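Some notes on the structure that comes next.
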Amino acid sequence: MMLKVLMDGWEDYSSQEMTFDIHSLCTKAARLCYLADQDLALQHTDVSHHRKEQNEMYFTSFELIITTQFTKFMKKVLALVKAGKKVEGHSSPMFSSEISTLLPKLHDLLLMDGMNQESIQLMVEDIQNTEKMIQKYHKITKFPGVRYEERLWYLIRLYCLASYLVLHFRRVCHVTDSEMTPEEAARLTEWAIQKYISEKDSSEKLELYFSNLQYDNDGKPLNVDQWLQARRELKHLVPQNLLLLFLNSADDVSQLGASLIKVSFTNEEFLKLVDAVAKYQIITQRIRAIEFPEEFEQSLHNEVFYLTVKGRSVNLEELKKSISKMVNLITRKNQWFCVWSVLKHLNLIKHESTFATFAHQMMSIEWFGTIDPRLRFTADNLSDYSRYFNEYDYTEWTEEMFLEKKELYGMTKWSPKLYQNFSSLCARMMQAIWGYSFFC
Numbered sequence: 000m001m002l003k004v005l006m007d008g009w010e011d012y013s014s015q016e017m018t019f020d021i022h023s024l025c026t027k028a029a030r031l032c033y034l035a036d037q038d039l040a041l042q043h044t045d046v047s048h049h050r051k052e053q054n055e056m057y058f059t060s061f062e063l064i065i066t067t068q069f070t071k072f073m074k075k076v077l078a079l080v081k082a083g084k085k086v087e088g089h090s091s092p093m094f095s096s097e098i099s100t101l102l103p104k105l106h107d108l109l110l111m112d113g114m115n116q117e118s119i120q121l122m123v124e125d126i127q128n129t130e131k132m133i134q135k136y137h138k139i140t141k142f143p144g145v146r147y148e149e150r151l152w153y154l155i156r157l158y159c160l161a162s163y164l165v166l167h168f169r170r171v172c173h174v175t176d177s178e179m180t181p182e183e184a185a186r187l188t189e190w191a192i193q194k195y196i197s198e199k200d201s202s203e204k205l206e207l208y209f210s211n212l213q214y215d216n217d218g219k220p221l222n223v224d225q226w227l228q229a230r231r232e233l234k235h236l237v238p239q240n241l242l243l244l245f246l247n248s249a250d251d252v253s254q255l256g257a258s259l260i261k262v263s264f265t266n267e268e269f270l271k272l273v274d275a276v277a278k279y280q281i282i283t284q285r286i287r288a289i290e291f292p293e294e295f296e297q298s299l300h301n302e303v304f305y306l307t308v309k310g311r312s313v314n315l316e317e318l319k320k321s322i323s324k325m326v327n328l329i330t331r332k333n334q335w336f337c338v339w340s341v342l343k344h345l346n347l348i349k350h351e352s353t354f355a356t357f358a359h360q361m362m363s364i365e366w367f368g369t370i371d372p373r374l375r376f377t378a379d380n381l382s383d384y385s386r387y388f389n390e391y392d393y394t395e396w397t398e399e400m401f402l403e404k405k406e407l408y409g410m411t412k413w414s415p416k417l418y419q420n421f422s423s424l425c426a427r428m429m430q431a432i433w434g435y436s437f438f439c
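The numbers in numbering that gives the first Met the number 0 rise by one with no breaks, and the one at position 431 of the sequence shown is 430.
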């Protein structure tokens, strides 16, 4: 919208107004480019691709205005520059921006909006007095003069940023048009369920559901038979088009997620399925806690890891043995980031866990605090790689995107070979723990 205003009003701009609008659009476009990078990463984790139509609509409108209208406009501006015309405005009559002048003109609108005559009069007087005081004690900010060469340069920069946004939506549409592999769908479905269980709003809904169950049982804890009956009732929460998947695979999230790629569903339907499976998992864990309480006796302190993955209980002692196999491959402290990446790929890292909590736990004495001091790490050793590597699953890293992010964000600490080194090490770590179970 603002870009159209810039193009349509180009001949009527004053130089100062032109400078301000170009700079303002550059700032907004740069911010959008940053958000676009984050958004692209989020699209890779969206099983339902619920923004597919919206992204396609954005792509169509962006492509139209940037590749046709804005490109044509830039060609015209550059042609005039080559012909000797400077990129600057001229004296131009402006619509009054004084509130005391503008507000009385809104009298009829305010009356229609429900204000009475007396209220309008009092408001106008207050605003007029305030404006007089501001003008008396404060000078209006003036933008310093800008050379036309700088104005032209920022206009070209705006064009490049806008073109990058077109590229973003083209990439997003490619992601949402591409069919997920069964393995990817399984991993992301498990991740969505874990996220649902841990996030504040959804966890409160789950807490309300389980509190209601106990309330209906006269405030007494449910026994195994009652939990089983509650679990049977969960099928009524699932949309009809996803019911068969739930009935066949509620106790196997990997199979459930892998099967989702064969079914059409909306984001709302997917969230209902996630809600039902989350409740199913929690109920199953409570049943096992009654029948096999020894499974839930953990000897290691834990703030970082989920204790339920793929519907099964995680044994922290066995998990530590798995992690130790990866730690044996570490030769530099920054390679702990690969340990983090593999554990995240396996959906073991809690949604709310940070590099700080991970480093604190891993470097505690009961975990790996006794390793070679040269390999001890802190959160800062990992945060250097959060810009790209932590936004995507390690199996989706690409050298092309890595190099693009390295240049765009000026990541001077990143070696050109960092992608190859990290990708190779993650693959070796995954191979080292392949077939080793950390479940109870």
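Glycine included, C-beta positions come from ideal geometry on N, C-alpha and C.
Predicted model only: the values in this text are computed from it and were never measured.
**Request:** Go ahead and label residue 409 buried or exposed: buried means 16 or more other beta carbons lie within 10 angstroms of its beta carbon, across all protein chains shown.
**Result:** exposed
**Message:** Can you tell me whether residue 384 is buried or exposed? The criterion is at least 16 other CB atoms within 10 Å of its CB, across all chains shown.
**Reply:** Burial of residue 384 is indicated by the presence of at least 16 other C-beta atoms within 10 angstroms of its C-beta.
**Request:** Evaluate the contact criterion for the region 242-260 versus the region 170-190: three or more CB pairs, one atom per stretch, below 8 Å.
**Result:** yes
**Asked** Leaving out the 5 sequence neighbours to the left and right, which residues in its chain are closer than 7 Å to residue 442 when beta-carbon positions are compared?
**Response** Nothing in the structure corresponds to residue 442, since the chain is present only between 0 and 439.
**Request:** Go ahead and pull the three-state DSSP assignment for residue 303.
**Result:** Reduced to three states, the DSSP call for residue 303 is coil.
**Asked** Mind checking residue 7: buried by the 16 CB within 10 Å criterion, or exposed?
**Response** exposed
**Message:** Does residue 348 come out as helix, strand or coil in the three-state DSSP assignment?
**Reply:** strand
**Prompt:** residue 316 and residue 340 look like a contact to me (Cβ under 8 Å); what is the Cβ gap, rounded to whole Å?
**Reply:** Incorrect: roughly 23 Å between the Cβ atoms, too far for contact.
**Message:** With distance defined between alpha-carbon atoms, name the residue in 307, 404, 228 nearest to residue 437.
**Reply:** 307
**Request:** Output yes or no for whether 9 Å exceeds the beta carbon distance between residue 359 and residue 302.
**Result:** In this structure, residue 302 lies closer than 9 Å to residue 359 by Cβ.
**Message:** Rounded to the nearest angstrom, what separates residue 46 and residue 240 at their Cα positions?
**Reply:** 16 Å
**Item:** Length of the line joining the Cα atoms of residue 203 and residue 272
**Value:** 17 Å
**Asked** Which residues in the same chain have their Cβ closer than 8 Å to the Cβ of residue 251, if we skip the five residues on either side of it in sequence?
**Response** 309, 310
**Request:** Assess, as a yes-or-no matter, whether the region 392-405 is touched by the region 421-430 under the definition of 3 or more beta carbon pairs within less than 8 Å.
**Result:** yes
**Prompt:** Where does residue 177 sit, in a helix, a strand or coil, going by DSSP?
**Reply:** coil
**residue 180 and residue 48 closer than 9 Å at C-beta** = no
**Anticipated Cβ contact below 8 Å, residue 28 with residue 160, distance rounded** = 4 Å
**Prompt:** With contact counted as at least three CB pairs below 8 Å, one residue from each stretch, are the region 327-337 and the region 262-269 in contact?
**Reply:** no
**Short Cβ contact (9 Å threshold) for residue 367 with residue 322** = yes
**Prompt:** Are the Cβ atoms of residue 346 and residue 387 separated by less than 9 Å?
**Reply:** Cβ distance not < 9 Å, so residue 346 and residue 387 don't count as in contact.
**Message:** Whole angstroms are fine: how far does the CA of residue 125 sit from the CA of residue 39?
**Reply:** 48 Å
**Asked** Run through DSSP, which three-state label would residue 162 get?
**Response** helix
**Message:** I'd like the ranges of any alpha helix (DSSP H) spanning at least 4 consecutive residues and lying wholly in the region 353-412.
**Reply:** Listed in chain order, they are 354-361, 378-382, 398-407.
**Request:** Check whether the region 272-286 touches the region 195-214, taking contact to mean three or more Cβ pairs, one atom from each stretch, closer than 8 Å.
**Result:** Segments in contact, yes.
**Message:** Within 10 Å of its beta-carbon, does residue 183 have 16 or more other beta-carbons around it, so buried, or fewer, so exposed?
**Reply:** When all chains shown are included, residue 183 counts as buried.
**Message:** Measuring only the C-alpha atoms, how far is residue 319 from residue 361?
**Reply:** 10 Å
**Item:** beta strand (DSSP E) runs contained entirely in the region 37-64, provided each spans 3 or more residues
**Value:** none
**Asked** Mapping DSSP to helix, strand and coil, what is residue 331?
**Response** coil
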